[in-house]
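Report on the structure given below.
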Amino acid sequence: MFRDSRLIVHILVCLFGIASWIDINGLWVELPLMVTKLPEAWSLPSYMIVIIQVANIGPLLFVILSYMNKGKRLEVGTSILIISVGLVSCILLAIFWQETTIIAGKYHSTALLTLNFFLATVDCTSSLAFLAFMASLKAQYLSTYFIGEGLSGMIPSLAALGQGAGQINCINGSNINATMVNNTWFNATSYFTYPMYEEPKFSVQVFFFILSAMMLLSLTSFLVLKYHPSLKSEYTKNFTSLDKYTEKPVEVVTITKFETQNGEKKHKSVKQEMDRELKSTNAAPTTTTIVILLFTVAWINFFTSSFLLAIQTYSCLPYDIEVYHLTVTLTNIANPLACFAAMFYTIYSTVGIAIITCFGTALGSYIIVAAAMSPSPPLVHHASGGPIMVTTWVLCIFVLTYAKVGVANVLRLSGRKSLILCGAFTQIGSFIGAIVGYIVVNIYALFVDAPYC
Numbered sequence: 001m002f003r004d005s006r007l008i009v010h011i012l013v014c015l016f017g018i019a020s021w022i023d024i025n026g027l028w029v030e031l032p033l034m035v036t037k038l039p040e041a042w043s044l045p046s047y048m049i050v051i052i053q054v055a056n057i058g059p060l061l062f063v064i065l066s067y068m069n070k071g072k073r074l075e076v077g078t079s080i081l082i083i084s085v086g087l088v089s090c091i092l093l094a095i096f097w098q099e100t101t102i103i104a105g106k107y108h109s110t111a112l113l114t115l116n117f118f119l120a121t122v123d124c125t126s127s128l129a130f131l132a133f134m135a136s137l138k139a140q141y142l143s144t145y146f147i148g149e150g151l152s153g154m155i156p157s158l159a160a161l162g163q164g165a166g167q168i169n170c171i172n173g174s175n176i177n178a179t180m181v182n183n184t185w186f187n188a189t190s191y192f193t194y195p196m197y198e199e200p201k202f203s204v205q206v207f208f209f210i211l212s213a214m215m216l217l218s219l220t221s222f223l224v225l226k227y228h229p230s231l232k233s234e235y236t237k238n239f240t241s242l243d244k245y246t247e248k249p250v251e252v253v254t255i256t257k258f259e260t261q262n263g264e265k266k267h268k269s270v271k272q273e274m275d276r277e278l279k280s281t282n283a284a285p286t287t288t289t290i291v292i293l294l295f296t297v298a299w300i301n302f303f304t305s306s307f308l309l310a311i312q313t314y315s316c317l318p319y320d321i322e323v324y325h326l327t328v329t330l331t332n333i334a335n336p337l338a339c340f341a342a343m344f345y346t347i348y349s350t351v352g353i354a355i356i357t358c359f360g361t362a363l364g365s366y367i368i369v370a371a372a373m374s375p376s377p378p379l380v381h382h383a384s385g386g387p388i389m390v391t392t393w394v395l396c397i398f399v400l401t402y403a404k405v406g407v408a409n410v411l412r413l414s415g416r417k418s419l420i421l422c423g424a425f426t427q428i429g430s431f432i433g434a435i436v437g438y439i440v441v442n443i444y445a446l447f448v449d450a451p452y453c
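If you read the sequence shown in the UniProt record's numbering, its first letter stands for residue 1, the second for the next number, and so on.
What follows is the structure in structure tokens.
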């Protein structure tokens with residue numbers, strides 16, 4: 001990674017990559033604290049998931065503008081705009097996240113949902129703009145960028161774990177009702193319990209200000225990376241556009257694998273690794289296999305990227321707010337860990353991918369059943385109920401994410417077109433899951449809130 005490169009640039013690139021998804025990930029891990037205070041309550045995630053899917057208009061607009069301005073490099077200005085909008089949105093969230101307005105006779109978290117749209121739009125667009133910018137740097141820095149992108153989910157999750165979810169205590173209360181019968185007063189006492197919320201170690205507002213500071217650090221890193229004169233040598237020579245950069249096929253060694261042999265280190269290029277993979281898989285997948293894998297990746301994203309997230313509150317909150325808090329934060333960590341695991345052992349067997357996907361689907365089915373049984377999911381009154389649900393969620397996200405990486409690697413053997421279709425089916429699955437989740441939660445009300453006390 002560090003051959004023919006500079007450590008300071010690796011650090012700047014990593015900090016730049018953190019800006020890709022840290023704000024929307026940060027917003028998501030704060031849900032356990034926000035659903036107890038906002039009017040949408042347990043249905044809030046279903047609103048946010050739909051908004052995130054609508055936000056895919058951002059990358060579509062970027063592609064259209066890039067096509068219309070082929071001679072211009074839009075990624076630099078777009079990257080600055082993306083990080084700046086994310087920074088301002090995080091600051092506004094810290095101030096206005098609890099603001100509500102009446103829409104169609106009901107209170108809604110308009111400030112939060114509006115800013116969620118802006119954050120989702122810029123983060124979805126970052127997948128294109130940031131990578132387009134990275135193409136102008138030496139190839140050695142690309143792996144560092146993906147490390148930063150992985151940290152964009154890890155950092156807010158670790159911060160949320162340190163923050164805690166607070167606690168809900170059930171307080172006993174009573175009312176005395178006095179009534180007069182035949183000129184005689186009678187007192188009737190009624191007893192009830194109500195929830196009392198204990199604040200976490202630091203507030204939601206402080207958390208969003210921490211995200212704002214991270215976004216400011218990322219923006220500063222990008223500006224230094226782009227405009228500091230001493231770093232010009234780290235850019236590829238004669239780079240003018242992505243099209244020109246890819247005019248001629250070149251062998252670029254982006255990752256170097258070290259193998260110890262008789263005390264000496266031997267380098268293997270990516271090309272050699274890919275040749276080995278091709279030999280081990282014998283041939284590119286058939287058309288039938290490609291179709292099956294495309295529907296598999298759509299199914300996985302239907303589950304992991306939208307539908308399960310829309311009903312997450314109903315599967316976790318009946319146990320305890322801490323169960324929901326741990327589920328949100330640990331699943332956010334499980335996703336990059338699954339990608340990291342795939343770096344060491346990638347599955348290329350279609351049968352293996354199918355088995356793993358079925359296992360992940362079985363775990364997801366348990367989550368759906370538990371959510372449908374809310375407010376009385378399995379083992380809700382047992383000490384093991386909460387830990388089982390957290391474990392099920394983490395395993396489900398880890399397993400299905402690992403399977404998704406396997407699908408992408410198999411489709412890669414078939415060429416660029418298959419990978420483009422993989423991306424398209426990924427979005428199709430996520431979009432359908434978001435719509436289905438919103439309908440069953442908010443229109444048909446198939447899932448029921450559980451009282452805190």
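The beta carbon of each residue, even a glycine, is placed where N, CA and C say it ideally should be.
Only a predicted model underlies this, so the values are computations on that prediction, with no experimental measurement involved.
Close beta carbons around T313, own chain, < 7 Å, minus the five adjacent residues each side:
Taking T313 as the centre and dropping the five residues before and after it, the same chain places the C-beta of V35, W42, P45, Y324 closer than 7 Å to its C-beta, in chain order.
Which word fits T287, buried or exposed, when buried means at least 16 other C-beta atoms lie within 10 angstroms of its C-beta?
exposed
N409 vs T346 beta-carbon contact at 8 Å:
yes
W185 bridges to which residues according to DSSP?
M180
Close beta carbons around S126, own chain, < 6 Å, minus the five adjacent residues each side
S20, I82
Three-pair Cβ contact test at 8 Å for the segment 351-366 versus the segment 290-300
yes
For a test of the three-state rule: what should DSSP assign to N335, helix, strand or coil?
helix
Quick check: what's the CA-CA separation for N116 versus Q53?
11 Å
Tell me which residues share the same chain as residue 471 and place their Cβ nearer than 6 Å to its Cβ, disregarding the 5 neighbours each side in the sequence.
In the structure as shown, the chain starts at 1 and stops at 453, and residue 471 therefore has no counterpart that could be examined.
Have a look at A129 and I18 and give me their C-alpha separation to the nearest angstrom.
The alpha-carbon of A129 is positioned some 14 Å away from that of I18.
When L211, P318, A104, S384 are compared against A159, the one with the closest alpha-carbon
L211
Do Q167 and K201 have their beta-carbon atoms positioned less than 8 Å apart in this structure?
no
Could you tell me which of P387, P378, M215, L421 sits nearest to G148, measuring between CA atoms?
M215
Give the list of continuous alpha helix (DSSP H) stretches no shorter than 4 residues that lie fully inside the segment 354-416.
385-412
For I18, report the span of its alpha helix (DSSP H) as first-last.
7-18
Please return the same chain residues whose Cβ sits closer than 6 Å to the Cβ of Y452, not counting the five positions on each side in sequence.
I168, P195
Buried or exposed, going by whether 16 or more other CB atoms sit within 10 Å of the CB of P336?
buried
Would K106 be called buried (16 or more neighbouring beta carbons within 10 Å of its own) or exposed?
Classification for K106: exposed.
Output the boundary residues of the alpha helix (DSSP H) element that contains Y314.
Taken as a continuous stretch (DSSP letters only), the alpha helix (DSSP H) holding Y314 covers 312-316.
Output yes or no for whether 8 Å exceeds the beta carbon distance between M154 and L142.
no
N-terminal and C-terminal residue of the beta strand (DSSP E) that K106 is part of:
It spans 106-108 - the beta strand (DSSP E) in which K106 sits, taken as one unbroken run.
So, using beta-carbon positions, are Q205 and D4 closer together than 8 Å?
no
Work out the CA separation of V405 and I368 for me, nearest whole Å.
24 Å
What separation, rounded to the nearest whole angstrom, lies between the Cα atoms of A111 and V380?
34 Å
Report the option in Y47, L330, C422, H382 whose CA atom is closest to the CA atom of P318.
Proximity to P318 across Y47, L330, C422, H382 peaks at H382, based on C-alpha coordinates.
Taking only the alpha-carbon atoms, compute the straight-line gap between S218 and V407 and give it to the nearest angstrom.
32 Å
Looking only at C-alpha atoms, which of M180, T327, T101, S305 sits nearest to P32?
T327
With burial defined as no fewer than 16 other Cβ atoms inside 10 Å of the residue's Cβ, what is the status of I64: buried or exposed?
Of the other Cβ atoms in all chains shown, fewer than 16 fall within 10 Å of the Cβ of I64; this residue is therefore exposed.
Can you give me the C-alpha to C-alpha distance between T361 and V88, rounded to a whole angstrom?
Near 39 Å, if we compare the C-alpha coordinates of V88 and T361.
C-alpha gap between M180 and G26, whole angstroms:
Their Cα atoms are separated by approximately 57 Å.
Supposed contact pair S414 and I290 - C-beta distance, whole angstroms, cut 8 Å
6 Å
For the beta strand (DSSP E) containing T101, list its first residue and its last residue.
In the DSSP assignment, T101 falls within the unbroken beta strand (DSSP E) covering 101-103.
Tell me the DSSP secondary structure of I347 in three-state form.
coil
With C-beta atoms as the reference, is D449 less than 8 Å away from P378?
In terms of Cβ geometry, D449 and P378 do not form a close pair [threshold 8 Å].
Just to confirm my understanding: we take T100, look at its own chain, exclude 5 residues before and 5 after, and list those with CB closer than 7 Å. What are they?
P39, Y107, H108, S109, T110
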